[in-house]
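K.L.:
Top line first, the protein sequences correspond to chains V and R.
First residue of the first sequence: 1, per our numbering; consecutive thereafter.
First residue of the second sequence: 143, per our numbering; consecutive thereafter.
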Amino acid sequence: MYPPWTFWDFGEVIEDWYRLLSEEAQDAFNSILKNSAKVERHGDWVAFKRFLKGMSQPIWELEFTADRRQYRVFGMFASGVHPDCWPYPLTSTRKHVILLVGCYHKQKVYTPSDSISTAERRAKMLKEGRALLHERKVNANI
Amino acid sequence: MSERLTRISKLRQSRVSRASYIRAKLSVLIPSQIRALRQKLFETQTALGKEAEMKQSRISAMERPGAVQFNIETLVRLASAFKIGLIIKFVPFSEMLRWENDFNQDTFNPVAIDDDAEFIAEPDLGPIPSLASGEVLAERQQNLGSCEPIVRGAASELMQTQLTH
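1) Is there a Cβ from chain V that is less than 8 Å from the Cβ of R:Ser199?
2) Only counting the same chain, and skipping five residues up and downstream in sequence, which positions put a Cβ closer than 6 Å to that of V:Ala28?
3) What is the DSSP secondary structure of R:Ile172, counted as helix, strand or coil?
4) Please state whether the Cβ-Cβ distance between V:Ile142 and V:Phe10 is less than 8 Å.
5) Alpha carbon to alpha carbon, what distance is there between R:Lys231 and R:Thr216?
6) Output yes or no for whether 8 Å exceeds the beta carbon distance between R:Leu153 and R:Phe235.
7) Can you tell me which of R:Gln198, R:Asp257, R:Met238, R:Asn243 puts its alpha carbon nearest to the alpha carbon of R:Tyr163?
8) Can you tell me whether DSSP reads R:Arg177 as helix, strand or coil?
9) Anything in the region 12 to 45 of chain V with a Cβ closer than 9 Å to a Cβ of chain R? List those residues in chain order, please.
10) Return the residues of the region 51 to 68 of chain V that lie within a Cβ-Cβ distance of less than 8 Å from chain R, sorted by chain order.
11) Does the CB of R:Gln247 have a neighbour CB from chain V at under 8 Å?
12) Check whether the region 51 to 60 of chain V touches the region 107 to 120 of chain V, counting contact only when three or more Cβ pairs, one atom from each stretch, lie closer than 8 Å.
13) Between V:Ile142 and chain R, is there a C-beta pair that is closer than 8 Å?
14) Within 10 Å of its beta-carbon, does V:Leu20 have 16 or more other beta-carbons around it, so buried, or fewer, so exposed?
15) Residues in the region 227 to 243 of chain R with C-beta within 8 Å of chain V's C-beta atoms, listed in sequence order?
16) One question on the structure: do R:Lys225 and R:Asp256 come within less than 8 Å of each other, judged by their Cβ atoms?
17) Between R:Ser159, R:Ala166, R:Asp248, R:Arg157, which has its C-alpha nearest R:Gln175's C-alpha?
18) Mapping DSSP to helix, strand and coil, what is R:Phe250?
19) Using a Cβ cut-off of 7 Å, pull out every chain V residue sitting near R:Arg146, in sequence order please.
20) So with CB distances below 9 Å, who are the chain V contacts of R:Arg180?
21) Tell me which residue opens and which closes the beta strand (DSSP E) that V:Gln143 is part of.
22) Are the C-beta of R:Ala259 and some C-beta of chain V separated by less than 8 Å?
Okay, structure coming up:
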């Protein structure tokens, strides 16, 4: 049986960010996605932090710590995403998560500092059908 | 080379890689278990904190991936607050991966001791002789040895009573 959630990357940016992470951070990120994919309610995801306030669209924040650094990932749900952004038609039985930005966080400062505005801009591009999504394969065999 | 093969190659060659891998998986799977149990057994982090004699802020941190470096005593306190046991064992990497793949936070629900029929069941020790010979006692002691600790404790007490009367 498939887990209820499927993860999608905004373009190549999440993969680019992921490849620069330390091994421990990569493993933690994979484990978080693997774990969350099976949890029905997004509010129960172990890394789910909050919905950002003052956004034009519902954008939320994941948090995790690895190799003594704090990481943040901003994301959104599929609702409102333009059909042209998907590589193939979606099935209604699964729920979809879109990862928009990955960044560091320390003492209320995000690095890059424009991470939140970038997430908002990308969410808008998805709404307008001006970006492509790539399915993020959560590797179950490592 | 696939990501998996690359990773396995690093795991075989580097102790640091192995430590990172183990740490990363535990940093997700321990908080995930704590969150699952807390949500099922306690309404709030504050309620769990009260039972485990920890601050709510600490419980909150323990439910976040990587936010806390757990020590065994902390896990013992949580397990006892949840009224469940705790296993810490060294395993092959394949078993660790299987554990991660099979784990589901939504369905994770170990039985608490109050409902653990297998653990709390009284063992059938047979009638206690009025004059217990050394042989009978030795046999009974052997039988008790296979019982779970809580039962063993109670039964030993009973035997002590027999011996002193």
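Virtual Cβ for every residue (Gly too), placed ideally from N, Cα, C.
In this text the structure is predicted, and so the values were computed from the model without any measurement.
P.N.:
Based on what the coordinates show:
1) Numbered from its first residue, the second sequence carries residue 199 of chain R at position 57. False, the Cβ-Cβ gap to chain V never drops below 8 Å.
2) Against the first sequence, residue 28 of chain V aligns to sequence position 28. Here the set comprises Phe64, Ala66.
3) Locating residue 172 of chain R in the second sequence gives position 30, where the first residue counts as 1. Of the three classes helix, strand and coil, the one that applies to R:Ile172 here is helix, per DSSP.
4) Position 142 of the first sequence holds residue 142 of chain V. Position 10 of the first sequence holds residue 10 of chain V. No, the pair does not count as a contact, with Cβ atoms beyond the cut-off.
5) The residue given as residue 216 of chain R occupies position 74 in the second sequence. The residue given as residue 231 of chain R occupies position 89 in the second sequence. Rounded to the nearest whole angstrom, the CA to CA distance from R:Thr216 to R:Lys231 is 16 Å.
6) Numbered from its first residue, the second sequence carries residue 153 of chain R at position 11. Numbered from its first residue, the second sequence carries residue 235 of chain R at position 93. Yes, the pair counts as a contact, with Cβ atoms nearer than the cut-off.
7) Along the second sequence, one-based indexing puts residue 163 of chain R at 21. Minimum Cα distance to R:Tyr163 is reached at R:Met238.
8) The residue you call residue 177 of chain R lines up with position 35 of the second sequence. Of the three classes helix, strand and coil, the one that applies to R:Arg177 here is helix, per DSSP.
9) Residues of the region 12 to 45 of chain V whose Cβ lies closer than 9 Å to any Cβ of chain R, in chain order: Ser22, Glu23, Glu24, Ala25, Gln26, Asp27, Ala28, Phe29, Asn30, Ser31, Ile32, Lys34, Asn35, Ser36, Lys38, Val39, Glu40, Arg41, Asp44, Trp45.
10) Taking 8 Å as the Cβ-Cβ cut-off against chain R, the residues of the region 51 to 68 of chain V that qualify are Glu63, Phe64, Thr65, Ala66, Asp67.
11) As a first step, residue 247 of chain R must be located in the second sequence, where it is residue number 105. Chain V contact via Cβ: present.
12) For the pair of segments examined, the region 51 to 60 of chain V was found to touch the region 107 to 120 of chain V: the number of CB pairs separated by less than 8 Å reaches three.
13) The residue labelled residue 142 of chain V in the question sits at position 142 within the first sequence. Answer yes: the Cβ-Cβ gap between V:Ile142 and chain R drops below 8 Å somewhere.
14) One-based indexing of the first sequence puts residue 20 of chain V at position 20. The residue in question, V:Leu20, is exposed, as its Cβ has fewer than 16 Cβ neighbours within 10 Å.
15) Hits within the stretch, in order: Leu239, Glu242, Asn243.
16) Locating residue 225 of chain R in the second sequence gives position 83, where the first residue counts as 1. Locating residue 256 of chain R in the second sequence gives position 114, where the first residue counts as 1. In this structure, R:Lys225 lies near R:Asp256, with their beta-carbon atoms less than 8 Å apart.
17) On the second sequence, position 33 is the one that residue 175 of chain R refers to. Of R:Ser159, R:Ala166, R:Asp248, R:Arg157, the residue nearest in Cα terms is R:Asp248.
18) For the purposes of this step, residue 250 of chain R is taken as the residue at position 108 of the second sequence. Coil at R:Phe250, not helix or strand.
19) Translated into the one-based positions of the second sequence, residue 146 of chain R becomes position 4. Correct list: Asn139, Asn141, Ile142.
20) Translated into positions along the second sequence, residue 180 of chain R becomes position 38. Taking a Cβ-Cβ threshold of 9 Å, none of the residues of chain V is close to R:Arg180; the smallest such distance is about 11 Å.
21) Outside the shown range of chain V (1 to 142) lies residue 143 of chain V, about which nothing can therefore be said.
22) Counting from 1 along the second sequence, the entry for residue 259 of chain R is found at position 117. Not closer than 8 Å to any Cβ of chain V, the Cβ of R:Ala259 fails to qualify, so no.
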